[in-house]
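Peer 1:
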Amino acid sequence: MLRGFKRLLKKRTLNRFRQKRLFSTKISSPHDVINSVSLNSDQISFYRENGYLIVEDLLSASHVDVWRKAVTNAVNVRGDDWRMPSKNQEDVTNVDFDYYLNVFVQRVNLWQSDPIMKDIMLQAGKVFGKMACELEDIDGIRLWHDQALIKNPWANPTSWHIDGPFWSFDSLHALSLWVALDDVTVENGAMFFLKKSHMFVHQLFKERGFYEEIKIGKNMNDLFKIYPQLSNMDSVPVEMKAGSASFHSAGLVHGAAANMTKYPRRAMTYQMMPVGCKFNGKKNILTDEEVKKLKIGDLFDDNNKNPLLYSKESV
C-alpha cells in the first residue's frame, strides 16, 4: 500500500516536471537559430550617426518558432518569483511596481537557468557579437545579461530611459540587441527611439565622467525633467517583422508604446559590453553575493558569468 502510494507520488511529481519542460531541441551551431547575415558600410554608418539599426530577416520562420517555444518554456519554468537572475532578487532599476509589473513580463538571464536558452543565446551570439563589434568598432564583446521582454495584451507603455546608466560598468560602446519574436507595430508596443540622442548622452558622460541614473517608472516624461534638451528631439517608431532585430547604443534614449491589442508582443534581448569593462560600483542585475566579492575596478572577464560572444583575436 505504502509502496503504491510512493510510486503514484513519484509519477505525479515527474508529470509536473515534464509539464513545465515541454520543449526540447538540439542546437549545435549558429545556423540552427540564426541566418548568416553581414552588415554593409551604409548600415554601420547609419548606426553610428543615429544610434540604432534595424536588421531584417535575421531569423527564418523556423528559427522564430524555436526561439518562441524556448523563451515561453524558460519563462514559464521560472514562475512569478524569479524575475531577476536569482529567485526573489531585488529589482533596483524599476519603480512604481504596481504599474511596472503590467509593462511587460521580464525575465533576466534565462541563459543561466535554461539549457536550451543558453544554447540559443551563445550560438546566435556569435553572429550578433560580430555585428555588434562592427557597429561599435571594437575588438570583442561579452554578454552583460539577457532578458525576455513580453508585453502581454493591454500592457502599459515603457517610459523613456537610457540603458547605460543602469549597468555595473561604464562604456561608450556598450549596446543592446532586441530580437522580435512577433510582428511589432505601434499598436502592440513598438519601441520608439530618440534618433541621435546617444551623441548628447555620450558627450555629457565625457564632460562629467558619470551617468545620471533615472529609474523606469510610470511617468513617461521623467527623463526629460533631468535632460530637458532631449525633449525637442523627434521620436522614431521601430516597427519590425518577427525575426528582425534592432541594435541600439546603450546611450540612446528609448521607450515603448502600450500594447493595445489582445495578443502578446514577445521579444528576447541581449545587453552587451565591450571586452575590458570594469565594475563601477552599481548593483544592477548582480546578486548580493556577487557584489560582495567585487571591488570597484575589477574586470568582468568570467566566461561563466559574462560569456565572450565574439573576439577578433579568436577568429
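So the sequence shown is numbered by the numbering used here: it starts at 193 and just counts up by one. All C-beta atoms in this analysis are idealised placements derived from N, C-alpha and C, irrespective of residue type, glycine included.
(1) Under the three-state reduction of DSSP, which class applies to Pro-420: helix, strand or coil?
(2) Would the stretch 492-505 and the stretch 316-324 be scored as touching if the rule is three or more Cβ pairs under 8 Å?
(3) Please name the residue, chosen from Gly-489, Glu-482, Lys-487, that lies closest to Asn-496 on a Cα-to-Cα basis.
(4) Within a Cβ cutoff of 8 Å, which residues of the same chain sit near Trp-259, ignoring the five residues on either side of it in sequence?
(5) Rounded to a whole number of angstroms, what is the C-alpha to C-alpha distance between Met-276 and Asn-344?
(6) Could you check what DSSP says for Ser-220 in three-state terms: helix, strand or coil?
(7) Measuring alpha carbon to alpha carbon, tell me which residue in Met-323, Thr-264, Lys-475 is nearest Ile-342.
(8) Alpha carbon to alpha carbon, how far is Ala-253 from Lys-485? Give it in angstroms, no decimals.
(9) Could I get the ranges of all uninterrupted alpha helix (DSSP H) runs contained in the stretch 299-361, with 4 residues as the minimum, in chain order?
(10) DSSP three-state label for Asp-494, please.
(11) Based on DSSP bridge pairs, tell me the residues matched to Lys-470.
(12) When the Cα atoms are used, what is the spatial distance from Glu-328 to Phe-402?
(13) Starting from Ala-382, follow its DSSP beta bridges and name the residues at the other end.
(14) Output the distance between the C-alpha atoms of Arg-199 and Pro-307, rounded to the nearest integer angstrom.
(15) Return the residue from the list Arg-299, Asp-338, Asn-380, Gly-409 that minimises the CA-CA distance to Ser-351.
(16) Using CA atoms only, rank isn't needed, just tell me which of Leu-293, Pro-420, Met-464 is closest to Trp-346.
(17) Would you give the residue range spanned by the beta strand (DSSP E) that Ile-246 belongs to?
(18) Once the 5 residues before and after Ile-330 are set aside, which same chain residues still bring their CB inside 7 Å of it?
(19) Is it the case that the Cβ atoms of Leu-491 and Ser-427 are separated by a distance below 7 Å?
(20) Ser-368 lies in the beta strand (DSSP E); which residues open and close that run?
(21) Out of Met-425, Ser-228, Val-247, which one is the CA nearest neighbour of Ala-236?
Peer 2: On the basis of the data shown:
(1) Here residue 420 is taken as the residue at index 228 of the sequence shown, counted from 1. Assignment of Pro-420 by DSSP, reduced to helix, strand and coil, places it in the helix class.
(2) At 8 Å Cβ cutoff, the stretches touch.
(3) Position 304 of the sequence shown holds residue 496. Residue nearest to Asn-496 within the set Gly-489, Glu-482, Lys-487 is Glu-482 (criterion: CA-CA distance).
(4) Taking the first residue of the sequence shown as position 1, residue 259 is located at position 67. Scanning its chain for C-beta atoms nearer than 8 Å, with the 5 sequence neighbours on each side dropped, one finds around Trp-259 the residues Val-225, Leu-251, Ile-312, Val-371, Leu-373, Met-460, in chain order.
(5) In the sequence shown, the residue the question calls residue 276 occupies position 84. In the sequence shown, the residue the question calls residue 344 occupies position 152. Distance from the CA of Met-276 to the CA of Asn-344, rounded to the nearest whole angstrom, comes to 19 Å.
(6) Start at 1 with the first residue of the sequence shown, and residue 220 comes out as number 28. Here Ser-220 sits in coil by DSSP.
(7) Numbered from its first residue, the sequence shown carries residue 342 at position 150. Comparing Cα-Cα distances from Ile-342 to each of Met-323, Thr-264, Lys-475, the minimum goes to Thr-264.
(8) Here residue 485 refers to the residue found at position 293 when the sequence shown is read from its first residue. Here residue 253 refers to the residue found at position 61 when the sequence shown is read from its first residue. Cα to Cα, the separation comes out at about 43 Å.
(9) Those alpha helix (DSSP H) runs which fall completely within the stretch 299-361 and span 4+ residues are 302-305, 307-328.
(10) Locating residue 494 in the sequence shown gives position 302, counting from the first residue. Coil.
(11) Locating residue 470 in the sequence shown gives position 278, where the first residue counts as 1. Answer by DSSP bridge pairing, in chain order: Leu-491.
(12) Working through the sequence shown from its first residue, we reach residue 328 at position 136. Working through the sequence shown from its first residue, we reach residue 402 at position 210. Using only the alpha carbons, I get a separation of about 20 Å.
(13) As a working mapping, residue 382 is identified with position 190 in the sequence shown. Paired residues: none, contrary to the question.
(14) Position 7 of the sequence shown, counted from the start, is the residue given in the question as residue 199. Position 115 of the sequence shown, counted from the start, is the residue given in the question as residue 307. Residue placement at Arg-199 is flagged as unreliable, the pLDDT there being 49, under the threshold of 50; the coordinate-derived value follows with that caveat. Rounded to whole angstroms, Arg-199 to Pro-307 spans 29 Å at the Cα level.
(15) Start at 1 with the first residue of the sequence shown, and residue 351 comes out as number 159. Minimum Cα distance to Ser-351 is reached at Gly-409.
(16) As a first step, residue 346 must be located in the sequence shown, where it is residue number 154. Ranking Leu-293, Pro-420, Met-464 by Cα distance to Trp-346 puts Leu-293 first.
(17) Start at 1 with the first residue of the sequence shown, and residue 246 comes out as number 54. Ile-246: member of the beta strand (DSSP E) spanning 244-247, first to last residue.
(18) In the sequence shown, counting from the first residue as 1, residue 330 sits at position 138. Only His-365, Pro-466 meet the Cβ criterion.
(19) For the purposes of this step, residue 491 is taken as the residue at position 299 of the sequence shown. For the purposes of this step, residue 427 is taken as the residue at position 235 of the sequence shown. Taking 7 Å as the Cβ cut-off, Leu-491 and Ser-427 do not qualify as a contacting pair.
(20) Working through the sequence shown from its first residue, we reach residue 368 at position 176. Residues 367-372.
(21) In the sequence shown, the residue the question calls residue 236 occupies position 44. Looking at the sequence shown, residue 236 is not Ala but Ile. The candidate whose alpha carbon is nearest that of Ile-236 is Val-247.
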